[in-house]
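Working notes, structure below.
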Amino acid sequence: MKEELNEKELAVIDETINSITMMKITYKQILKQSPPEAIVKYHKFGKFYYLPITAVERLLDGLFESWTCEILREGNVINGFYAVVRLKAKIPKTDEYLVSDGIGFAEFQTNKGASPMEFAELMQSAGVLAIPKAKAEAIKNAAKSFGNLFGRNLARNDDQSQNENDFVGLSRSKISKTLGATNESN
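Numbering-wise, the working numbering puts 251 at position 171 of the sequence shown, and it's gapless, one number per residue.
Shown next, in the form of structure tokens:
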């Protein structure tokens, strides 16, 4: 059996590699974008911007072939419930996944006027409400590490994003040159 590849077969391999490389670059570019203003919410009490869990889940559904959320740990702490999750999202047309861990916390709700530390004043459904909220916060936290599209820089007040992008690009370029890679667009 002939093991050498002809020019047509080599071209197909090159095209496959290039399309996979372009897919990775495209995903990096997509995730680097800021989220659409229409889905960004403002928390008037906490005074910060955030993405609601519905928006995060819809972005995950639309951008990735599939995604899963594994609960790694959960429990209660003083006046609330916490969850630690591992978010795993499959990049379409590749065998690659983005994986990130996140933690979320939700206070137990108390009767009106009561302190969060007054356990005798906990609402009857305090745990039932806190558990899914903590999980949702953990998913949102994990998704943030995927990129700006998931709200990574929404709560930051610094103006360093361009400096950070320049630094990351320079670092990637140096790594590519050191490894002898010719494609510096990663």
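For each residue, glycine too, the CB sits at the ideal point set by N, CA and C. Since the structure is predicted, the reported quantities are computational estimates derived from the model, not experimental observations.
| said: Given this structure, state the Cα-to-Cα distance separating Ala223 from Lys257, to the nearest angstrom. | reply: One-based indexing of the sequence shown puts residue 223 at position 143. One-based indexing of the sequence shown puts residue 257 at position 177. The alpha-carbon atoms of Ala223 and Lys257 are separated by roughly 31 Å.
| query | What is the C-beta distance between Ile255 and Ala218, in whole angstroms, given that I count them as a contact (C-beta under 8 Å)? | reply | Looking up residue 255 in the sequence shown gives position 175. Looking up residue 218 in the sequence shown gives position 138. That pair is no contact at about 32 Å.
| request: With distances taken Cα to Cα, identify the nearest neighbour of Ser225 among Lys213, Val179 and Phe199. | output: If you number the sequence shown from 1, residue 225 lands on position 145. Here the closest residue by C-alpha is Val179.
| said: Would you say the beta carbon of Ser114 is closer than 8 Å to some non-hydrogen atom of the ligand MN? | reply: Judged by which ligands are present, the structure shown has none, so any question about the ligand MN falls away.
| DSSP state of Arg138, grouped into three classes? | Within the sequence shown, residue 138 is the residue found at index 58, counting from 1. If DSSP states are grouped into helix, strand and coil, Arg138 belongs with the helices.
| said: One question on the structure: do Tyr130 and Leu234 come within less than 9 Å of each other, judged by their Cβ atoms? | reply: Position 50 of the sequence shown, counting from 1, holds the residue named residue 130. Position 154 of the sequence shown, counting from 1, holds the residue named residue 234. Yes, the Cβ-Cβ distance between Tyr130 and Leu234 is below 9 Å.
| DSSP three-state assignment for Ser225, whether helix, strand or coil | Counted from its first residue, the sequence shown places residue 225 at position 145. Of the three classes helix, strand and coil, the one that applies to Ser225 here is coil, per DSSP.
| request: Give a yes or no on whether 9 Å exceeds the smallest Cβ distance from Gly142 to chain B. | output: Of the chains in the structure shown, none is chain B; there is only one protein chain.
| task | Could you have a look at Ser180 and say whether DSSP puts it in helix, strand or coil? | result | Counted from its first residue, the sequence shown places residue 180 at position 100. Of the three classes helix, strand and coil, the one that applies to Ser180 here is strand, per DSSP.
| message | Any contact between the stretch 149-167 and the stretch 206-215? By contact I mean 3 or more CB pairs, one from each, below 8 Å. | response | yes
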